[in-house]
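*Asks:*
There are 2 protein chains.
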Amino acid sequence: MTAFDDLMAFQHETEALSQVSMRLGWDQETMMPRGAAHQRAEEMAALESVLHRRRTDPRLGDWLGAIDDDLLDETGRAQMRHIRRSYTRATRLPETLSAEIARVTSRAQGIWAEARAADDVAHFLPTLREVVRLKREEAAALAMGGDLYDALLDDYEPGATAGALAAMFDRMRPRLVGLRERIMGSGRAPAPLSGHFPEAGQMALSREVATHFGYDWRHGRLDFSVHPFTSGSGTDVRITTRVDETEPLGSLYSTLHETGHGAYEQGIDPAYGLTPLGAGVSMGVHESQSRIFENQLGRSRAFCSWLFGRMAEVFGTAGAAEADAFYAAVNRVHSGHIRTESDEVHYNLHIMLRFDLERDLIAGRLEVEDLEEAWNTRFEADFGVAVDRPRNGLLQDVHWSVGLFGYFPTYTLGNVYAGCLYQALRAAVPTLDADLARGHAEPATTWLRSEVQRSGGLYEPAETIRRACGFAPTEAPLLDYLDAKFGEIYGL
Amino acid sequence: MTAFDDLMAFQHETEALSQVSMRLGWDQETMMPRGAAHQRAEEMAALESVLHRRRTDPRLGDWLGAIDDDLLDETGRAQMRHIRRSYTRATRLPETLSAEIARVTSRAQGIWAEARAADDVAHFLPTLREVVRLKREEAAALAMGGDLYDALLDDYEPGATAGALAAMFDRMRPRLVGLRERIMGSGRAPAPLSGHFPEAGQMALSREVATHFGYDWRHGRLDFSVHPFTSGSGTDVRITTRVDETEPLGSLYSTLHETGHGAYEQGIDPAYGLTPLGAGVSMGVHESQSRIFENQLGRSRAFCSWLFGRMAEVFGTAGAAEADAFYAAVNRVHSGHIRTESDEVHYNLHIMLRFDLERDLIAGRLEVEDLEEAWNTRFEADFGVAVDRPRNGLLQDVHWSVGLFGYFPTYTLGNVYAGCLYQALRAAVPTLDADLARGHAEPATTWLRSEVQRSGGLYEPAETIRRACGFAPTEAPLLDYLDAKFGEIYGL
Chain A
4 MTAFDDLMAF
14 QHETEALSQV
24 SMRLGWDQET
34 MMPRGAAHQR
44 AEEMAALESV
54 LHRRRTDPRL
64 GDWLGAIDDD
74 LLDETGRAQM
84 RHIRRSYTRA
94 TRLPETLSAE
104 IARVTSRAQG
114 IWAEARAADD
124 VAHFLPTLRE
134 VVRLKREEAA
144 ALAMGGDLYD
154 ALLDDYEPGA
164 TAGALAAMFD
174 RMRPRLVGLR
184 ERIMGSGRAP
194 APLSGHFPEA
204 GQMALSREVA
214 THFGYDWRHG
224 RLDFSVHPFT
234 SGSGTDVRIT
244 TRVDETEPLG
254 SLYSTLHETG
264 HGAYEQGIDP
274 AYGLTPLGAG
284 VSMGVHESQS
294 RIFENQLGRS
304 RAFCSWLFGR
314 MAEVFGTAGA
324 AEADAFYAAV
334 NRVHSGHIRT
344 ESDEVHYNLH
354 IMLRFDLERD
364 LIAGRLEVED
374 LEEAWNTRFE
384 ADFGVAVDRP
394 RNGLLQDVHW
404 SVGLFGYFPT
414 YTLGNVYAGC
424 LYQALRAAVP
434 TLDADLARGH
444 AEPATTWLRS
454 EVQRSGGLYE
464 PAETIRRACG
474 FAPTEAPLLD
484 YLDAKFGEIY
494 GL
Chain B
4 MTAFDDLMAF
14 QHETEALSQV
24 SMRLGWDQET
34 MMPRGAAHQR
44 AEEMAALESV
54 LHRRRTDPRL
64 GDWLGAIDDD
74 LLDETGRAQM
84 RHIRRSYTRA
94 TRLPETLSAE
104 IARVTSRAQG
114 IWAEARAADD
124 VAHFLPTLRE
134 VVRLKREEAA
144 ALAMGGDLYD
154 ALLDDYEPGA
164 TAGALAAMFD
174 RMRPRLVGLR
184 ERIMGSGRAP
194 APLSGHFPEA
204 GQMALSREVA
214 THFGYDWRHG
224 RLDFSVHPFT
234 SGSGTDVRIT
244 TRVDETEPLG
254 SLYSTLHETG
264 HGAYEQGIDP
274 AYGLTPLGAG
284 VSMGVHESQS
294 RIFENQLGRS
304 RAFCSWLFGR
314 MAEVFGTAGA
324 AEADAFYAAV
334 NRVHSGHIRT
344 ESDEVHYNLH
354 IMLRFDLERD
364 LIAGRLEVED
374 LEEAWNTRFE
384 ADFGVAVDRP
394 RNGLLQDVHW
404 SVGLFGYFPT
414 YTLGNVYAGC
424 LYQALRAAVP
434 TLDADLARGH
444 AEPATTWLRS
454 EVQRSGGLYE
464 PAETIRRACG
474 FAPTEAPLLD
484 YLDAKFGEIY
494 GL
């Protein structure tokens, strides 16, 4: 056994324990009895404490010091890159802080769900204040004098900085605002779908569509949760959705979104299982897969024409009189409150709002007491309507309750990457529209698997996208796609 | 912090991690995608390895050496008794063996399920051979020259020995055989229930009955599994059942059985949560709770009279024309193949069969190749009918696949304890029959909670029963109860 072999054996066990943590997280959101929340927080804290000790184990330092990366092959060097990054981050975090964050966020998530159900911001704020305080502490320990927010962002998108993202957002915003204004001034206002769409039919359709997009049920399952998510890597990758019987698109496109995340994890080379390369390389790349499944493929005119017919079969109505009206309803641009129900034009404005607020929270420029007012003011300015109730505003997302600060901007980065990939995909799969018009996305998802998903953590995030597309990722393809698509729908 | 405080803090984290292992086990049987089995085995092995290192941590030895139990209160001394016993057992087991057992049994359970579904003994035997080999190794490491089987038994029933159990079985067997023969010669043969009992109704009724028996849904849930079980302690105690639409009693009484196990865990003093006292004290005492729920209460004439009416409401038929016939059907004595569907008279004969076979396997007097023949021969001798297919014989129970050797006899010990407790309960709750005739068992289950369940691991198993009953447990009350009950039903 060389030091590298010893290190990889140790890492294998750590990865397995991380997967256990995934299972617990999934259970908490889908199956756990309500009264078990406090004990579960203790269980999560104990496991997080074990993981933290492993991630900071002095033997890791010894192995990392003993291994000459230049003597390894490409895969080995990539493994080392991940392990070195993780070790550096972990050794900067005190174990007590790590365990406290696990305990507090586990509890906070339950309190957030109660507050959301009751539309009661005050019920959530004391806990959120505690989470923000702990995340500031975490950021300070990680940043070592650098930017606090960048230190958190780096955990989700290695190599990205708030400055570079803000610059990209600045380039995107005028075009998005311009597009939005032209749409709102177009005089066209497609009707939303109407009708009743029973839960059982929605779930059956969700399963069917996930299957057509290549989701592997032998290694996954679909359940309900308050907020849809994907959990797990390797051969156990589970997705969730939520259902509203008056509005079938929310559930269906949530499922397609999570199917993209799930297909990414399921599509990684099995040889990387339970190693640092065996999971999606960053949240931005992850989101590129969920977004291209959901939007560029799922909300295409071709796929919508199939979906229109299939929904009519399943529910007796697709909720619109004809395929054109259905496609316009699926892509209806509206100044709605909920990020996850947002259209492709407004979506990135939701992200920019959260990005700015959470940067201010972490920097200490904004206090939790003032957050709701800041949210509501900014929302009205950007979207032209007021927040009507907290569950449609500050309480809509689970992220902050579980300590995900620095995560939101990766959604827009994912959209940007999806725009690039879609341009390359159209060139690589000329039958794309014909496939989608039959409800089948497998030629497209097979290309994504071989060009993006299969490599797992082998390359850095931006390099992963560059290799698939043949060019360095920029925001231009996404913006061009949006202009063309919505220009056509709204006759601009 | 004293050494005792340090020890209890360490133990708290260990108990929390043990609960994590419970969640994983539950998930594996109820929710896990089929293709995740191999990865799950790695996850379980990693967690088991962590737990084993904690259970053998040298600091435990230091703390145990530094603490003078005589200076502690009764609770503290009981905690120490559990921790010392666990440490002694754990330090005798090599970590590699412990991890290998976790890995092999996790896989073996899936193979057993496949073999059972396909009625294919040969598919299971190579894995079972491996499990037996590992359990012999485990027993040898634990026994240190003593009896191998006793060493395994001690894990489930501290203080019990195979010799003492065999002696008790020898006293019980003639009376059970005599009762069985009188019943079979009585000329009475109550008809089983007939009809169709849809799954949804069975599950609704199972939930209703569990509620009436005091199961706490805030801290538990009911799902399907191949083999019903109870999982977890403290505030997260889950039960499972299985449903056959042609035979409603199997599901209902399985649920009642697991409700007894679950109520025990839920009934333990919350102050003992995530400590060694916070779980049922032994499998025998656990089984006393499941058995008294299922049999002495659930199969009583009084409760059956309520159930007869309720089933007629739920299903349109109770499967029998009148309450007397229903009660006789519920308590029908028949030489059936399946232990979990067995009647109270034959049940302990099932146990004695398994007890003798597994003692011989562990002692090396019987090889796995010869197990099916040994099972079938013994079964025909004891029950008067032949085994018709492996799933009705050797493949019916999950236990051996997951390494549970030394567990079966605790079922009969539980029956014996239930007999004792029922005698005491009738004296303590004079309204018992009237309560049960209204479908309500809560006065009885409240007595069990305060007299047996609440104390958790505070007293040794036999002492737990003695304190509740006021006398040292013997087999006589169970046998007297069986003679009286079945004498009346069969007119003996």
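Same order as they appear, the protein sequences are chains A and B. Heads up, the first sequence is in our numbering, so the first residue is 4 and it goes up one at a time. Heads up, the second sequence is in our numbering, so the first residue is 4 and it goes up one at a time. The beta carbon of each residue, even a glycine, is placed where N, CA and C say it ideally should be.
Please return the same chain residues whose Cβ sits closer than 7 Å to the Cβ of Met286 (chain A), not counting the five positions on each side in sequence.
*Replies:* On the first sequence, residue 286 (chain A) is found 283 positions in, with the first residue counted as 1. Closer than 7 Å at the Cβ level, and outside the excluded window around Met286 (chain A), lie Tyr159, Glu160, Tyr410, Thr413.
*Asks:* Give a yes or no on whether the C-beta atoms belonging to Arg245 (chain A) and Ser228 (chain A) are separated by under 8 Å.
*Replies:* Here the question's residue 245 (chain A) lines up with position 242 in the first sequence. Here the question's residue 228 (chain A) lines up with position 225 in the first sequence. Yes.
*Asks:* Report the residue from B:Val333, B:Gln399, B:Val240 whose alpha carbon sits nearest the alpha carbon of Glu261 (chain B).
*Replies:* Along the second sequence, one-based indexing puts residue 261 (chain B) at 258. Among B:Val333, B:Gln399, B:Val240, the Cα nearest to that of Glu261 (chain B) is on B:Val240.
*Asks:* So, helix, strand or coil for Ile86 (chain A), using DSSP?
*Replies:* Numbered from 1 along the first sequence, position 83 holds the residue referred to as residue 86 (chain A). Reduced to three states, the DSSP call for Ile86 (chain A) is helix.
*Asks:* Check distances from the C-beta atoms of the region 47–65 of chain B to those of chain A and list, in chain order, the residues that come in under 8 Å.
*Replies:* Ala48, Ala49, Leu50, Ser52, Val53
*Asks:* Just grab the DSSP bridge partners of Arg241 (chain A) for me.
*Replies:* Within the first sequence, the letter at position 238 stands for residue 241 (chain A). Paired residues: A:Ser234.
*Asks:* Residue ranges of each alpha helix (DSSP H) run of no fewer than 4 residues wholly in the region 342–426 of chain B, ordered along the chain?
*Replies:* 350–366, 374–386
*Asks:* Please identify the residue among B:Arg335, B:Ala282, B:Gly283 whose C-alpha is closest to the C-alpha of Cys307 (chain B).
*Replies:* In the second sequence, the residue the question calls residue 307 (chain B) occupies position 304. If we check each option's Cα against that of Cys307 (chain B), B:Arg335 comes out closest.
*Asks:* For the candidate residues A:Arg43, A:Ala12, A:Gln22, whose alpha-carbon lies nearest to that of Glu18 (chain B)?
*Replies:* Mapped onto the second sequence, residue 18 (chain B) falls at position 15. For the residues A:Arg43, A:Ala12, A:Gln22, the minimum Cα distance to Glu18 (chain B) belongs to A:Arg43.
*Asks:* Of all the options B:Gly276, B:Pro273, B:Ala315, B:Asp346, which has the alpha carbon lying nearest to the alpha carbon of Ser303 (chain B)?
*Replies:* As a working mapping, residue 303 (chain B) is identified with position 300 in the second sequence. Among B:Gly276, B:Pro273, B:Ala315, B:Asp346, the Cα nearest to that of Ser303 (chain B) is on B:Asp346.
*Asks:* Within its chain, find whatever has a CB closer than 8 Å to the CB of Glu45 (chain B); leave out the 5 residues flanking it on each side and keep chain order.
*Replies:* Here residue 45 (chain B) is taken as the residue at index 42 of the second sequence, counted from 1. Cβ neighbours of Glu45 (chain B) beyond the five flanking positions: Arg106.
*Asks:* Give the single residue among A:Ala170, A:Phe13, A:Gln269, A:Ala142 whose Cα lies nearest to the Cα of Ala49 (chain B).
*Replies:* The residue labelled residue 49 (chain B) in the question sits at position 46 within the second sequence. That would be A:Phe13, whose Cα lies nearest to the Cα of Ala49 (chain B).
*Asks:* At 9 Å on the CB atoms, spell out the chain A contacts of Glu383 (chain B), in chain order.
*Replies:* Indexing the second sequence from 1 puts residue 383 (chain B) at position 380. None at all; the shortest Cβ gap to chain A is about 40 Å.
*Asks:* Out of A:Ala444, A:Arg87, A:Phe7, A:Arg362, state which residue places its alpha-carbon closest to the alpha-carbon of Leu155 (chain A).
*Replies:* Working through the first sequence from its first residue, we reach residue 155 (chain A) at position 152. Among A:Ala444, A:Arg87, A:Phe7, A:Arg362, the Cα nearest to that of Leu155 (chain A) is on A:Arg362.
*Asks:* Measuring straight from C-alpha to C-alpha, what distance separates Met11 (chain A) and Phe408 (chain B)?
*Replies:* Along the first sequence, read from residue 1 onward, the residue named residue 11 (chain A) stands at position 8. Along the second sequence, read from residue 1 onward, the residue named residue 408 (chain B) stands at position 405. Near 35 Å, if we compare the C-alpha coordinates of Phe408 (chain B) and Met11 (chain A).
*Asks:* Going by other Cβ atoms of all chains shown within 10 Å of its Cβ, with 16 needed for buried, is Glu51 (chain A) buried or exposed?
*Replies:* Counted from its first residue, the first sequence places residue 51 (chain A) at position 48. Buried: at least 16 other Cβ atoms inside 10 Å.
*Asks:* Are Pro476 (chain A) and Ala465 (chain A) close, meaning C-beta to C-beta below 8 Å?
*Replies:* To locate residue 476 (chain A), count along the first sequence from 1; it is residue 473. To locate residue 465 (chain A), count along the first sequence from 1; it is residue 462. Closer than 8 Å, so yes.
*Asks:* Using a cut-off of 8 Å between C-beta atoms, extract the partners of Leu277 (chain B) located in chain A.
*Replies:* Position 274 of the second sequence, counted from the first residue, corresponds to residue 277 (chain B). Correct list: Gln42, Glu45.
*Asks:* What is the C-beta distance between Phe329 (chain B) and Phe311 (chain B), in whole angstroms, given that I count them as a contact (C-beta under 8 Å)?
*Replies:* Translated into the one-based positions of the second sequence, residue 329 (chain B) becomes position 326. Translated into the one-based positions of the second sequence, residue 311 (chain B) becomes position 308. That belief holds up - the Cβ atoms of Phe329 (chain B) and Phe311 (chain B) are roughly 4 Å apart, short of 8 Å.
*Asks:* State yes or no: is the C-beta of Glu268 (chain B) within less than 8 Å of the C-beta of Ser236 (chain B)?
*Replies:* One-based indexing of the second sequence puts residue 268 (chain B) at position 265. One-based indexing of the second sequence puts residue 236 (chain B) at position 233. Taking 8 Å as the Cβ cut-off, Glu268 (chain B) and Ser236 (chain B) qualify as a contacting pair.
*Asks:* Relative to the alpha-carbon of Ala421 (chain B), which residue among B:Gly223, B:Leu67, B:Trp309, B:Leu300 has its alpha-carbon at the smallest distance?
*Replies:* As a first step, residue 421 (chain B) is located in the second sequence; it is residue number 418 there, counting from the start. From the listed residues B:Gly223, B:Leu67, B:Trp309, B:Leu300, the smallest Cα separation to Ala421 (chain B) is found for B:Leu300.
*Asks:* Determine the burial state of Gly149 (chain B): buried for a count of at least 16 other Cβ atoms within 10 Å of its Cβ, exposed for fewer.
*Replies:* Counted from its first residue, the second sequence places residue 149 (chain B) at position 146. With fewer than 16 other Cβ atoms inside 10 Å of its own Cβ, Gly149 (chain B) counts as exposed.
*Asks:* Span of the beta strand (DSSP E) holding Asp226 (chain A)?
*Replies:* Counting from 1 along the first sequence, the entry for residue 226 (chain A) is found at position 223. Where Asp226 (chain A) is concerned, the enclosing beta strand (DSSP E) starts and stops at 225–227.
*Asks:* Can you round the beta-carbon distance between Met83 (chain B) and Asp72 (chain B) to whole angstroms, since I take them to be within the 8 Å contact cut?
*Replies:* Here residue 83 (chain B) corresponds to residue number 80 of the second sequence, with the count starting at 1. Here residue 72 (chain B) corresponds to residue number 69 of the second sequence, with the count starting at 1. That pair is a contact at about 5 Å.
*Asks:* Let me make sure I understand the geometry here. Which of A:Glu316, A:Ala146, A:Gln456, A:His340 has the alpha-carbon closest to that of Ala389 (chain A)?
*Replies:* Taking the first residue of the first sequence as position 1, residue 389 (chain A) is located at position 386. The shortest Cα separation from Ala389 (chain A) among A:Glu316, A:Ala146, A:Gln456, A:His340 belongs to A:His340.
*Asks:* Put Phe13 (chain A) into one of helix, strand or coil per three-state DSSP.
*Replies:* Your numbering for residue 13 (chain A) matches position 10 in the first sequence. Correct three-state label for Phe13 (chain A): helix.
*Asks:* Residues of the region 204–224 of chain B with a CB closer than 9 Å to any CB of chain A: list them in chain order, please.
*Replies:* Asp219, Trp220, Arg221, His222, Gly223, Arg224
*Asks:* Tell me whether the beta-carbon of Leu151 (chain A) lies closer than 8 Å to the beta-carbon of Leu96 (chain A).
*Replies:* One-based indexing of the first sequence puts residue 151 (chain A) at position 148. One-based indexing of the first sequence puts residue 96 (chain A) at position 93. It is not a contact, given that the beta carbons lie outside the stated cut-off.
*Asks:* Determine whether the beta carbon atoms of Ala39 (chain B) and His222 (chain A) lie at a separation below 8 Å.
*Replies:* Locating residue 39 (chain B) in the second sequence gives position 36, where the first residue counts as 1. Locating residue 222 (chain A) in the first sequence gives position 219, where the first residue counts as 1. Cβ distance < 8 Å, so Ala39 (chain B) and His222 (chain A) count as in contact.
*Asks:* With a CB to CB cut of under 8 Å and the five nearest residues on each side skipped, what residues in its chain are close to Glu133 (chain A)?
*Replies:* Here the question's residue 133 (chain A) lines up with position 130 in the first sequence. Excluding positions up to five away in sequence, the list reads Val107, Ala111.
*Asks:* Does the beta-carbon of Ser109 (chain B) have 16 or more other beta-carbons within 10 angstroms, so that it is buried, or is it exposed?
*Replies:* Residue 109 (chain B) sits at position 106 when you count from the first residue of the second sequence. Classification for Ser109 (chain B): buried.
*Asks:* Report the option in A:Leu225, A:Thr78, A:Ser338 whose CA atom is closest to the CA atom of Met206 (chain A).
*Replies:* Position 203 of the first sequence, counted from the first residue, corresponds to residue 206 (chain A). It is A:Leu225 whose Cα lies nearest to the Cα of Met206 (chain A).
*Asks:* List the residues of chain B whose Cβ lies closer than 8 Å to the Cβ of Leu20 (chain A), in chain order.
*Replies:* Here residue 20 (chain A) refers to the residue found at position 17 when the first sequence is read from its first residue. Correct list: Glu46, Ala49, Leu50, Val53.
*Asks:* Taking just the CA atoms, how far does Arg56 (chain A) sit from Ala2 (chain A)?
*Replies:* With chain A running from 4 to 495 in the structure shown, residue 2 (chain A) is simply not present.
*Asks:* Identify every run of the alpha helix (DSSP H) within the region 53–134 of chain A, keeping only runs that are complete inside it and at least 4 residues long; order them along the chain.
*Replies:* Whole alpha helix (DSSP H) segments, 4+ residues: 61–69, 77–95, 98–121.
*Asks:* Short of 8 Å in beta carbon distance, which residues of its chain neighbour Leu20 (chain B), apart from the five on each side in sequence? Order them along the chain.
*Replies:* Here residue 20 (chain B) refers to the residue found at position 17 when the second sequence is read from its first residue. If we look at Leu20 (chain B) and ignore the five residues flanking it on each side, its Cβ neighbours are Leu50, Val53, Leu54, Arg57.
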